[in-house]
Amino acid sequence: MVEALGTTRAEESLDEVLETMFEFGGSSAIVLDEDGSLAGIVTKTDMLESLTWSEERQLPIQVFGTDLMAETTRDGLAERIEDVTRKYRDMRLLEAKVHFQEHTERLRGTPLVLARVRLYTDRGLFIASGEGYGDRHAFSLALNAVERQILEGKTDGRTKKSATDSELAKMYGWVLSD
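Letter 68 of the sequence shown, counting from 1, is numbered 647 in the working numbering, and no numbers are missing.
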């Protein structure tokens, strides 16, 4: 948070908005309409995303072990991940990572593959893995496990227990003290 807030008008260019952010040392600016009422908030992240917009929307997905992808493509993985995020709770995908790792075991010439999927979303972090014969099978198993986590409302690193007063004081320290 900054003490002084930068404001901008909806009709101003992105360059002017960015200049306002730098002037006030903030990472966001408040957007006002013609009446001076709040119309929205624009962040530096919004501005960076606007620089990468194109007719083809591409998901922010990183794939490791691409040499093991015999049955799938990066676009195919991105489509399936996008289907999952859209299907459940209309969540916004911030970043996706897929890791493939080959084991020495084979079945009829097809290697046993471990696939790990990490989805960073506005609803939390979802991580799962799956082993299967071939990259498509392993990825499907991992993505199915992620779907189960989303349905159950589980995210990695979060607990459903409410924090006690001592835990809150430990996390927030002086903020909660009188």
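Think of the CB as a built atom: it goes at the ideal place given N, C-alpha and C, for glycine as much as any other residue. These figures come from a predicted structure and were not determined experimentally.
Exposure label - residue i; buried when at least 16 CB within 10 Å
i, result
"D714", "buried"
"T652", "exposed"
"L672", "buried"
"G709", "buried"
"I620", "exposed"
"T587", "buried"
Limits of the beta strand (DSSP E) - the one that residue i falls within
i, result
"S719", "First-last for S719: D714 to E731, but that is the alpha helix (DSSP H), not the beta strand (DSSP E)."
"G604", "Taken as a continuous stretch (DSSP letters only), G604 belongs to no beta strand (DSSP E), as it is neither H nor E."
"L647", "That residue, L647, is in no beta strand (DSSP E); it is neither H nor E in DSSP."
"G546", "No answer is possible for residue 546: the residues shown for the chain start at 580 and end at 757."
Local conformation of residue i per DSSP, three classes
i, result
"R659", "helix"
"T652", "coil"
"E569", "Beyond the ends of the chain as shown, which are 580 and 757, falls residue 569; an answer cannot be given."
"R557", "Because the chain is modelled from 580 through 757, residue 557 falls outside the range shown and cannot be assessed."
"E590", "coil"
"E674", "strand"
Beta-carbon gap between residue i and residue j smaller than 8 Å
i, j, result
"V677", "I640", "yes"
"V692", "L647", "yes"
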